Amino acid sequence: MNAEPIIQVSGLHKWFGMLHVLSDITIEVQPREVVCIIGRSGSGKSTLLRCINFLEEPSAGKIMVDKLVVEAGGRKGGAYRRLVHEIRLKTGMVFQEFNLFPHMSVLDNVIEGPVTVKKMERSKAVEIGMMNLDRVGLLVKKDEYPNRLSGGQKQRVAIARALAMEPKVMLFDEPTSALDPELIGEVLNVMKKLAQEGTTMLVVTHEMGFAREVADRVVVMADGEVVEQGEPESVFNSPHDARTQALIERYRSGGAK
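As structure tokens, this is what we get:
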């Protein structure tokens, strides 16, 4: 493991009005590491991910992404906004919903970010876009429109779209939760391939089998706090916190998410 983390979250808090949804979160992600965040619905997992790329404004604490550091709670002037923009460029985000533009072809969806945000030459963006569609197994669909794709294919296009921005870190927010069960595997297989290629990934997921098989480290959240973290073998076989034990028991018994 590298000594220098690529993501470092320190003392992060998030309030929505009086609701304290994240409490003193501190985690690190090393380059090329796959970290899965698990926990019951409502434990704060997605909010943490959205704070890391500032889709949600952190209330307090410090966030570092690839040596760019933002202290939450300060002034929100031009320098702050530029720093947040730079961090967003370094973090590719894949959501539960696919959010593809229905009026654009698959390839045009994938190259929209590089062309409009990074001001990349279209020919270069097309080259990168086709390479990433090939990575997710959908180059053959480059001229199709989203309404002609299955849910699993749409999510794979969304992954290719995030990869086309050439981020340092990929953030996945429950990427399979909107999919029919038979389509989940194709998305997880793409994510496994990315992990094998050395892609740095922070994944919020209910797919415990994926977390156990693919993650280098598992972070368990409950009630807006990190209650346990460690190697998958340790977390799944010898959990220390009672809330982790209950979560693992539900998983083993096939209980609800």
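FYI, the numbering for the sequence shown is 69 to 325, going by the working numbering.
The beta carbon of each residue, even a glycine, is placed where N, CA and C say it ideally should be.
Computed from a predicted structure; not experimentally measured.
Proximity below 8 Å, CB of residue i to CB of residue j
i, j, result
"residue 79", "residue 128", "yes"
"residue 175", "residue 217", "no"
"residue 269", "residue 238", "yes"
"residue 260", "residue 282", "yes"
"residue 160", "residue 230", "yes"
"residue 112", "residue 87", "no"
"residue 119", "residue 279", "no"
"residue 183", "residue 228", "no"
"residue 251", "residue 219", "yes"
"residue 287", "residue 102", "no"
"residue 299", "residue 312", "no"
"residue 121", "residue 149", "no"
"residue 232", "residue 167", "no"
"residue 258", "residue 204", "yes"
Residue range of the unbroken beta strand (DSSP E) whose run includes residue i
i, result
"residue 296", "293-298"
"residue 103", "102-106"
"residue 146", "Looking at the DSSP string, residue 146 is not in any beta strand (DSSP E); the run it does join, the alpha helix (DSSP H), is 146-158."
Spatially closest choice to residue i from the options, by CA coordinates
i, options, result
"residue 95", "114, 111, 131 and 115", "131"
"residue 242", "308, 108 and 146", "108"
"residue 136", "105, 124, 72 and 91", "72"
"residue 291", "301, 275 and 315", "315"
"residue 99", "93, 76 and 115", "76"
"residue 294", "304, 319, 309 and 267", "309"
"residue 153", "185, 82, 285 and 240", "185"
"residue 144", "125, 156 and 155", "125"
"residue 117", "146, 204 and 240", "240"
"residue 275", "83, 318 and 169", "318"
"residue 267", "151, 97 and 146", "97"
"residue 263", "163, 284, 215 and 254", "284"
For residue i, the three-state DSSP class (helix, strand or coil)
i, result
"residue 84", "strand"
"residue 290", "strand"
"residue 285", "strand"
"residue 270", "strand"
"residue 302", "helix"
"residue 233", "coil"
"residue 324", "Unreliable positioning characterises residue 324 in this predicted model, as indicated by a pLDDT of 48, which lies under 50. A coordinate reading is not provided."
"residue 130", "strand"
"residue 139", "strand"
"residue 114", "helix"
"residue 312", "helix"
"residue 239", "strand"
"residue 72", "coil"
"residue 206", "coil"
"residue 317", "helix"
"residue 78", "strand"
"residue 227", "helix"
"residue 307", "coil"
Cβ distance (whole Å) where residue i is taken to contact residue j below 8 Å
i, j, result
"residue 247", "residue 221", "With a Cβ gap of about 10 Å, residue 247 and residue 221 do not count as contacting."
"residue 403", "residue 172", "With the chain running from 69 to 325 in the structure shown, residue 403 is simply not present."
"residue 235", "residue 158", "6 Å"
"residue 106", "residue 244", "Not confirmed; about 13 Å, so no contact."
"residue 206", "residue 198", "No, residue 206 and residue 198 are not in contact; Cβ-Cβ is about 10 Å, not under 8 Å."
"residue 74", "residue 134", "6 Å"
"residue 170", "residue 215", "6 Å"
Delimiting residues of the alpha helix (DSSP H) encompassing residue i
i, result
"residue 198", "190-203"
"residue 262", "249-264"
"residue 178", "174-184"
Cutoff 8 Å: residue i Cβ touching any chain D Cβ
i, result
"residue 183", "Looking at the structure shown, chain D is missing, and only one protein chain is on hand."
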